[in-house]
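Following: one structure in structure tokens, then a few remarks.
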Amino acid sequence: MNTTDVHVTVMPQNNNGLENKEIHFGEDRPLLQVNDLTKMYGERIGCIDINFELWPGEVLAIVGESGSGKSTLLNVISTQLEPTDGTIRYQMRDGVIRDVLFLTEAERRMLMRTDWGFVHQDPANGLRMGVSAGANVGERLMAIGERHYGRLRHAALNWLERVEIAEDRVDDAPRSFSGGMRQRLQIARNLVSHPRLVFMDEPTGGLDVSVQARLLDLLRGLVTDLGLSAIIVTHDLAVARLLSHRIIVMRHGRIIETGLTDQVLDDPREPYTQLLVSSVLQV
Amino acid sequence: MMEKNFDTLSNQQIISVRNLSKTFLLHLMEGAVLPVVKNASLTVDAGECVVLGGPSGAGKSSILKMIYGNYRVDTGCILVRHSCDMLGDGVMDVATAAPRQILRLRESTIGYVSQFLRVIPRVSALDIVQAEVRDPAVFPEKRAKDLLTKLSIPERLWDLPPATFSGGEQQRINIARGLAAAHKVLLLDEPTASLDRHNREAVVELIKQKKSQGTAILAIFHDEDVRDELADRIVDVRDFAPETTAHHLANILE
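Residue numbers (numbering that gives the first Met the number 0), protein chains in the order written: chain A, 0 to 282; chain B, 0 to 253.
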């Protein structure tokens, strides 16, 4: 992986033919393959025997209650936690499939800040709270060699617009932003390098319901327009229904049910999934 | 396996459902077993409208949902002819297809219209409808506006998200959405229920157009006028009743 692999320019709104081709090119092979993945915390199970594939352009929701192992799984797959056992294979931008656990530290860091994104539940964990919004967005571009101030500024303004943050806030630090704005900024900061895979940990958690709706709609639009693959951890089945193509239900660290999102939600098979689905208040 | 299926789907057939069975197991109701259909078989040809008949609770909607891949199938197969290059040889068995294959099939081939619109925050009525138009030969906006006009959605509502619209308006937007694409298969779950006469006639007219374009339609219509006007054949779902349901019905009828 080198810097020429990365889109430094800002991608235009919506799909153009080129992006479509990229998606379909990888269509015959999974983007990510997770095999027999296990994370133990001593004797305690974090997650165990996890197997799944993620295809290009696919959005996967991992649902389950607190302590089900869903966040552990996300952190292991995104190489932020070391697994006890198993493999995580990823189709790199050059088409080569690599086990991400065997990347060099430099390769892993490059992957994390270019081809992958990670949206934390608490934006403070994913942003630099003391530096300007523009610098937050530009950081990834600078990390891959962009030094031209005008282009960095342009990219920042473009992305702020796409996540609905007013242009005149570009020089303000996210410390002065509302929770919803911070979360939108975190998304812009991740997407600016045009990643192919984005991890999200409860991206709407902790936000007011009205703010959640706006964020969800924004995410839905971005994911579709950019043809992103995403893995979203959420305990909110409405979020899963709106954003994901496929669902994995976890309990006690294991995958207990998986399938097409509307299939799992409308025709849940496992007792625990039936309980989850029937526990949602209808409004 | 797919080749064998392909051989047995005759030229005109677009959908072939064979020996389809489905039972719900309700774990929260002390493991209650709810059989829905047993050995359901039916076919729909290109340009044909087949209507599922029978009382409520007989499994009509469940059959449509299984064909759409929304409900899972216990046994049997659901062959659907498609023209999606990415799905291979032209016929797919929904019952055994992978999730992403089902999504492709929905995008390319199968439309589904119920009475209920799932509202997405902030997306306008016009965008909801035009997002479904994937035919490169058609201008999405023109097609969407045309449908909204035919279904009497006032122009002042087009740019608004339908969350605050009346039930009838949402229902008609959902119909416009379902009919916007040039799908070869349409599954209709009472799309005309509770529409006024004018709008019902508009929907019937639109469905007739689909038929004349060769769309295979499998539908549930409770309205007899609509059924008489559109149905080429009626398949009585009671023929697929599992014993317990038949027994249950017999008890009610006595």
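Ideal Cβ positions, reconstructed from N, Cα and C, are used throughout, including at glycine. Everything numeric in this text was worked out from a predicted model, so none of it was measured.
So with CB distances below 7 Å, who are the chain B contacts of residue i?
i	result
A:S295	The requested residue 295 of chain A does not occur in the structure, where chain A is confined to residues 0 to 282.
Can you pull the chain B residues whose beta carbon is under 8 Å from the beta carbon of residue i, in chain order?
i	result
A:E57	R99
A:R213	P120, R121
A:L241	I119
For the ligand MN, I want to know if residue i counts as a neighbour, meaning its beta carbon is within less than 6 Å of at least one of the ligand's heavy atoms.
i	result
A:V136	Absent from the structure shown: the ligand MN. Ligands present: none.
Please confirm if residue i has its CB atom under 7 Å from at least one CB of chain B.
i	result
A:F54	Per the sequence shown, the amino acid found at residue 54 of chain A is Trp instead of Phe. It does: the Cβ of A:W54 has a partner Cβ on chain B nearer than 7 Å.
A:Q273	yes
A:K20	Confidence at A:K20 is low in this model, with a pLDDT of 30, below 50, so its placement is unreliable and no value can be given for it.
A:G25	Bear in mind that a pLDDT of 42 at A:G25, under 50, signals an unreliable position, so the number given afterwards is only what the model happens to contain. No, its Cβ sits nowhere closer than 7 Å to a Cβ of chain B.
Any beta carbon from chain A within less than 7 Å of residue i's own beta carbon?
i	result
B:P120	yes
B:P241	no
B:R17	no
B:V234	no
Run down chain A in chain order and give the residues with a C-beta less than 8 Å from the C-beta of residue i.
i	result
B:R71	G258, Q262, D266, R268
B:L102	H244, L259
Who does residue i pair with in a DSSP beta bridge?
i	result
B:A218	B:V50, B:L187
B:L41	B:V16
A:T203	None; A:T203 has no bridge partner.
A:W115	A:L196
B:C76	B:R17
A:K38	A:C46
A:D167	In DSSP, A:D167 forms no bridge with anything.
B:Y111	B:L186
B:L25	B:A31
A:I61	A:V232, A:I247
A:L259	A:R245
B:D235	B:G52
A:Y89	A:L31, A:R97
A:F51	A:V33
A:I254	A:M249
B:M91	B:V79
A:V208	Bridge partners of A:V208: none, in fact.
Chain A partners of residue i, CB-CB under 9 Å?
i	result
B:G68	L259, D261, Q262
List, in order along the chain, the chain B residues whose C-beta lies closer than 9 Å to that of residue i?
i	result
A:L159	Per Cβ cutoff of 9 Å: no residues; A:L159 is ~19 Å from chain B at best.
Stretch-stretch touch, CB-based, cutoff 8 Å, three pairs: the stretch 8-15 of chain B with the stretch 187-197 of chain B: no
The stretch 201-229 of chain A: positions lying closer than 8 Å to chain B by Cβ: A212, R213, L215, D216, R219
Three CB pairs or more closer than 8 Å across the stretch 58-65 of chain A and the stretch 234-254 of chain A: yes
Inter-stretch contact at 8 Å, needing at least 3 Cβ pairs: the stretch 247-258 of chain A / the stretch 184-194 of chain A: no
Inter-stretch contact (C-beta, 8 Å, three-pair minimum) for the stretch 105-123 of chain B and the stretch 155-162 of chain B: yes
Cβ pair count under 8 Å reaching 3, the stretch 151-163 of chain A against the stretch 129-136 of chain A: yes
Any 3 or more C-beta pairs closer than 8 Å across the stretch 260-276 of chain A and the stretch 26-36 of chain B: yes
Cβ contact (3+ pairs, closer than 8 Å) linking the stretch 118-137 of chain B and the stretch 84-97 of chain B: no
The stretch 102-115 of chain A touching the stretch 165-172 of chain A, judged by at least three CB pairs closer than 8 Å: no
Segment contact flag, the stretch 84-98 of chain A with the stretch 26-45 of chain A, C-beta cutoff 8 Å, min 3 pairs: yes
At least 3 beta-carbon pairs within less than 8 Å: the stretch 177-188 of chain A vs the stretch 206-226 of chain A: yes
Given 8 Å, three or more beta-carbon pairs between the stretch 34-48 of chain A and the stretch 64-80 of chain A: yes
Contact between the stretch 92-110 of chain A and the stretch 120-128 of chain A (3+ Cβ pairs under 8 Å): no
Three or more C-beta pairs below 8 Å linking the stretch 53-60 of chain B and the stretch 229-240 of chain B: yes
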